[in-house]
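Asker:
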Amino acid sequence: NCERVARFLQNHPAITTVNYAGLEDFPGHDLHRSQARGAGSVLSFRTGSLAFSQHIVSTTKLFKITVSFGSVNSLISLPGAMSHASIPAEVRAAREFPEDLVRLSIGIESVDDLIGDLSAAIQSYNTPKSSVDKMDKP
1373 NCERVARFLQ NHPAITTVNY AGLEDFPGHD LHRSQARGAG SVLSFRTGSL
1423 AFSQHIVSTT KLFKITVSFG SVNSLISLPG AMSHASIPAE VRAAREFPED
1473 LVRLSIGIES VDDLIGDLSA AIQSYNTPKS SVDKMDKP
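In this note's numbering, each residue's number is its place in the sequence shown (first place is 1) plus 1372.
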């Protein structure tokens, strides 16, 4: 299930980056394959816009918003605003931890339903680019 979600996101023009060890272009993919049978159920992706990422997190219906992962339910989080929010912004920036990063933990729901939910959340974001740029700047 997670690999199908990762491939959907990787092929979506609105998504800038997908981090999942099961994808061939993931740094360390070959090493991972040599040491593990599968790539797991957690992935992350970027949109290029904090506002867009926040929209996706808050708009999905099948994903629970939580900082945890490893449940039978699919989970979604925005680590920069949740689990890593206590780390100063300049430290996150120095460690190249992007604010627009969305983390998913894929559960046992229908993968087609999960992809449909993500697709609907992505498609429902209609803010003009100029407005998005202004929201993302301090």
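Just so it is clear, CB atoms sit at the ideal spot from N, CA and C, and this is done for glycine as well.
Per DSSP, V1414 forms a beta bridge with which residues?
Answerer: For V1414, which the question treats as bridged, DSSP gives the partners S1477.
Asker: Can you give the beta carbon distance from I1448 to L1476, rounded, assuming they're within the 8 Å contact cut?
Answerer: Going by Cβ atoms, the distance from I1448 to L1476 rounds to 6 Å, so yes, they are a contact pair.
Asker: Could you tell me which residues DSSP pairs with I1459 in its beta bridges?
Answerer: Note: I1459 sits in no beta bridge, so no partner.
Asker: State buried or exposed for S1425, treating a residue as buried only when at least 16 other CB atoms are found within 10 Å of its CB.
Answerer: S1425 comes out buried.
Asker: Over what stretch of residues does the alpha helix (DSSP H) that includes T1431 continue unbroken?
Answerer: T1431 -> alpha helix (DSSP H) spans 1422-1431.
Asker: Considering N1391, what are the terminal residues of the beta strand (DSSP E) in which it resides?
Answerer: Unbroken beta strand (DSSP E) run through N1391: 1389-1391.
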